[in-house]
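Read the structure below first, then the notes.
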Amino acid sequence: MKLLEYQAKEIFEKYGLSTPKGTVIDSKEDVAAKIAQAGLSYPVVIKAQVQVGGRGKAGGVKFADSGEEAQSIVDTLLFSDLKGLKVNKLLVVEKADVAKEWYLSILLDRKTNGPVVIFSAAGGMEIEETAKTNPDAIVNVPVNPLTGITAYFVNYVCSKSGVGMEYTKVLGELLTKLYKMFIEHSCMLAEINPVSVTSAGELVAIDGKVTVDDSALYRLPDVLAYRDAIEEPPLVVEARSFRFLYIPVSTGRVAVMSNGSGMLMSMIDLLSKKGVTVACALDLGGGATRDRIKEAVRIELSTPGVDTIFICIFGGITRCDEVADGVRMALENESSDKTVIIRMEGTNKDAGMEIVNSTKGAISVGGIVEGVETVAKVLKGGDAA
Amino acid sequence: MSILIDENTRLIVQGITGREGQFHTEQMLEYGTKVVAGVTPGKGGQEVLGVPVFNTVREAMEATDANTTIIFVPAKFLKDSIMEAVDAEVPLILTIAEHTPVHDMMLCRRLAHEKGLRLFGPNSFGIISPGKAKAGFMAHKIFSQGPVGFMSRSATNCYETVFMLTNRGIGQSTCIGIGGDMIPGTTFVEALPDFEADPETKAIVMIGEIGGDAEEQAAAYIKEHVTKPVVALIAGKNAPKGTSMGHAGAIVGEDGSGGAEGKEKVLKEAGCYIAESTEHVVDILAEILSK
Numbered sequence: 073m074k075l076l077e078y079q080a081k082e083i084f085e086k087y088g089l090s091t092p093k094g095t096v097i098d099s100k101e102d103v104a105a106k107i108a109q110a111g112l113s114y115p116v117v118i119k120a121q122v123q124v125g126g127r128g129k130a131g132g133v134k135f136a137d138s139g140e141e142a143q144s145i146v147d148t149l150l151f152s153d154l155k156g157l158k159v160n161k162l163l164v165v166e167k168a169d170v171a172k173e174w175y176l177s178i179l180l181d182r183k184t185n186g187p188v189v190i191f192s193a194a195g196g197m198e199i200e201e202t203a204k205t206n207p208d209a210i211v212n213v214p215v216n217p218l219t220g221i222t223a224y225f226v227n228y229v230c231s232k233s234g235v236g237m238e239y240t241k242v243l244g245e246l247l248t249k250l251y252k253m254f255i256e257h258s259c260m261l262a263e264i265n266p267v268s269v270t271s272a273g274e275l276v277a278i279d280g281k282v283t284v285d286d287s288a289l290y291r292l293p294d295v296l297a298y299r300d301a302i303e304e305p306p307l308v309v310e311a312r313s314f315r316f317l318y319i320p321v322s323t324g325r326v327a328v329m330s331n332g333s334g335m336l337m338s339m340i341d342l343l344s345k346k347g348v349t350v351a352c353a354l355d356l357g358g359g360a361t362r363d364r365i366k367e368a369v370r371i372e373l374s375t376p377g378v379d380t381i382f383i384c385i386f387g388g389i390t391r392c393d394e395v396a397d398g399v400r401m402a403l404e405n406e407s408s409d410k411t412v413i414i415r416m417e418g419t420n421k422d423a424g425m426e427i428v429n430s431t432k433g434a435i436s437v438g439g440i441v442e443g444v445e446t447v448a449k450v451l452k453g454g455d456a457a
Numbered sequence: 239m240s241i242l243i244d245e246n247t248r249l250i251v252q253g254i255t256g257r258e259g260q261f262h263t264e265q266m267l268e269y270g271t272k273v274v275a276g277v278t279p280g281k282g283g284q285e286v287l288g289v290p291v292f293n294t295v296r297e298a299m300e301a302t303d304a305n306t307t308i309i310f311v312p313a314k315f316l317k318d319s320i321m322e323a324v325d326a327e328v329p330l331i332l333t334i335a336e337h338t339p340v341h342d343m344m345l346c347r348r349l350a351h352e353k354g355l356r357l358f359g360p361n362s363f364g365i366i367s368p369g370k371a372k373a374g375f376m377a378h379k380i381f382s383q384g385p386v387g388f389m390s391r392s393a394t395n396c397y398e399t400v401f402m403l404t405n406r407g408i409g410q411s412t413c414i415g416i417g418g419d420m421i422p423g424t425t426f427v428e429a430l431p432d433f434e435a436d437p438e439t440k441a442i443v444m445i446g447e448i449g450g451d452a453e454e455q456a457a458a459y460i461k462e463h464v465t466k467p468v469v470a471l472i473a474g475k476n477a478p479k480g481t482s483m484g485h486a487g488a489i490v491g492e493d494g495s496g497g498a499e500g501k502e503k504v505l506k507e508a509g510c511y512i513a514e515s516t517e518h519v520v521d522i523l524a525e526i527l528s529k
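Sequence order for the protein chains is B and D. Heads up, the first sequence is in the working numbering, so the first residue is 73 and it goes up one at a time. Heads up, the second sequence is in the working numbering, so the first residue is 239 and it goes up one at a time.
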């Protein structure tokens, strides 16, 4: 789960990291009063809380020198649409005192199977440019998860990056706090860009990106509480309530469904090779009872434009008659132009096939490749009609 | 021969008294696996299906000659259970739970490897050497004994391929569920030497996915050290970027890192056969093995 900037900063604060003084605004009333109440002095920066790349360039970051100016910016920016996402919240912060800008992040690295610290003395907007033109200016050091951040680790970062040994104390403190957060909050990524070095030599997190492992959310109630504030497609949220994973893929008439992610990927690959674009994929997980299958079919068919579902179920203990019955129940509630193509293998396969064959709109196939051929045929037939 | 799991496997089931643990213990016993002990704290002294239950892994290791453990506990307790098995120095530790926090696995992987222990999974069906023994929850009826070694990040793609292979009369030496998570206990490159050294394995199938660089690492190793034919299938070519495809590990970066094309390219350069689909894997194997 990717946190919004204000959420990331709230967690930073819990770990004693300095962030610019600020307040979150989610209504257009009395903006100047709210800014005054939060004790902010002008100029302030108003930042749209949406997860889009190039937020500043897209017009999601504005500066205001007065309450009136802030009010007029909020009037336009709040609830507007930024690269397809609705802006439900704005973060207003004091404009920072910046002497220097650094880049700092910790991420889970799959090459070393552990955390890696990335640091550069050239931070801010230029970090991606630096990565291309002067990669040596970016220090990339794996952390031993059994020892964590040590003094010699910080010495290496300061020495190697050229930032200077005079910063070992402040950077060491910052890194230790961020690493503690990274571990305790099961982060995939904790990034501060830029880290502002103030004229007094203090380090302030101007912007923050935090991604938390979804599998660890059960033990992170503070992060879970943030989920509602993040814009998600309604079908993703609805599918989750049934313990399904719904993945928007592209646009098109076809949806795929399976009891495993690997199979879903194979189905999408083979359909794409045939020139068929897949609108969405749904992973049922374990326990494919008829009621759950029925809900899954309904959810996929409520995806705009989708009228055809390709289902592949392969499991030794999955009962095929349950699967078929779920499809039958779902199709009974739909208009007659919907098609479900099913490939299934498991217990009670014959009974399942019998139900499929007597269900209008359902077609059974013997394998994944045959299923893909059938999908292509059904789509053609639909076009001709 | 076969690798890792066979007739000499003496298995502990951690979480044996739970619903899943008990059901699959029965399945494993039926298949011929020697299950020598179960572990559930507070249930020590009981028996499940004739298997003695202990309170701790250490006691199970002291009382039996176990050499492998499989952990049937929910993801939120997996870290403690792996650490317990590591501390008791069980040489081979198999994990299956879905949705395990990746930080937990990062730590456990390190702890197991520091002690020289083998750790597999999670988000995996386990390991089976058909005709000999199985440790896991795979539907064993579709497997048959033979010359093909399997390792797969995906259970469903592996089942599908094995099912067709068995129907074509081609069996398997050992099938390893590598698992779909970001940090597995064992990656492809760490399992390759076992297959290369096993005389029964004549061909190796690697079912990979988008995300990470496990396939690239395997390719580099295959090029230098593997003499047996390797058939590779990479799932997820057409998955949207920046979206995890259900398996936490199956994600292509916004910059295209971890993409299928790059993986196929280096695998091809390493001399692997690249399959387009599970059915294609079977066709390639049929041809290789008929030579």
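All residues carry an ideal CB built from backbone N, CA and C; glycine is no exception.
Any beta-carbon of chain B closer than 9 Å to the one on residue i?
i	result
residue 246(D)	no
residue 364(D)	no
residue 345(D)	yes
residue 427(D)	no
residue 396(D)	yes
residue 452(D)	yes
residue 512(D)	no
residue 368(D)	no
residue 448(D)	yes
residue 525(D)	no
residue 477(D)	yes
What does the Cβ neighbour count give for residue i, buried or exposed, with the cut at 16 atoms within 10 Å?
i	result
residue 291(B)	exposed
residue 449(D)	buried
residue 455(B)	Reliability of the predicted coordinates at residue 455(B) is poor, the pLDDT of 43 falling under 50, and no value is obtained from them.
residue 341(D)	buried
residue 457(B)	At residue 457(B), the pLDDT of 34 sits below 50, so the modelled position is not reliable; the number obtained from the coordinates is stated separately. Classification of residue 457(B): exposed, given that the 10 Å Cβ count is below 16.
residue 138(B)	exposed
residue 148(B)	exposed
residue 209(D)	This structure gives no information on residue 209(D), because the portion of chain D shown stretches from 239 to 529.
residue 432(B)	exposed
Output yes or no for whether 9 Å exceeds the beta carbon distance between residue i and residue j.
i	j	result
residue 176(B)	residue 121(B)	no
residue 519(D)	residue 445(D)	yes
residue 480(D)	residue 464(D)	no
residue 516(D)	residue 376(D)	no
residue 399(B)	residue 447(B)	no
residue 286(D)	residue 241(D)	no
residue 333(D)	residue 362(D)	yes
residue 452(D)	residue 182(B)	yes
residue 431(D)	residue 358(D)	no
residue 250(B)	residue 199(B)	no
Whose CA, out of the options, lies closest to the CA of residue i?
i	options	result
residue 337(D)	366(D), 485(D), 283(D) and 345(D)	485(D)
residue 415(D)	314(D), 426(D), 506(D) and 468(D)	426(D)
residue 494(D)	399(D), 476(D), 256(D) and 508(D)	476(D)
residue 185(B)	200(B), 198(B), 215(B) and 199(B)	215(B)
residue 272(D)	295(D), 263(D), 344(D) and 411(D)	263(D)
residue 434(B)	302(B), 164(B), 87(B) and 404(B)	404(B)
residue 443(B)	342(B), 222(B) and 267(B)	342(B)
residue 219(B)	204(B), 252(B) and 240(B)	252(B)
residue 306(D)	345(D), 468(D) and 274(D)	274(D)
residue 391(B)	156(B), 416(B) and 375(B)	416(B)
residue 355(D)	323(D), 279(D) and 393(D)	323(D)
residue 329(D)	487(D), 349(D) and 267(D)	349(D)
residue 87(B)	97(B), 174(B), 276(B) and 409(B)	276(B)
residue 269(B)	294(B), 295(B), 238(B) and 256(B)	238(B)
Would you say residue i lies against chain D (beta-carbon separation less than 9 Å)?
i	result
residue 217(B)	yes
residue 440(B)	yes
residue 320(B)	yes
residue 290(B)	yes
residue 455(B)	Bear in mind that a pLDDT of 43 at residue 455(B), under 50, signals an unreliable position, so the number given afterwards is only what the model happens to contain. By this cut-off, residue 455(B) is not an interface position.
residue 166(B)	no
residue 331(B)	yes
residue 392(B)	no
Consider the C-beta atom of residue i and the heavy atoms of the ligand GDP; say whether any pair is separated by less than 8 Å.
i	result
residue 244(D)	Although the ligand GDP was asked about, the structure shown includes no ligands whatsoever.
Using DSSP's beta-bridge definition, name the partner residues of residue i.
i	result
residue 320(B)	352(B)
residue 383(D)	410(D)
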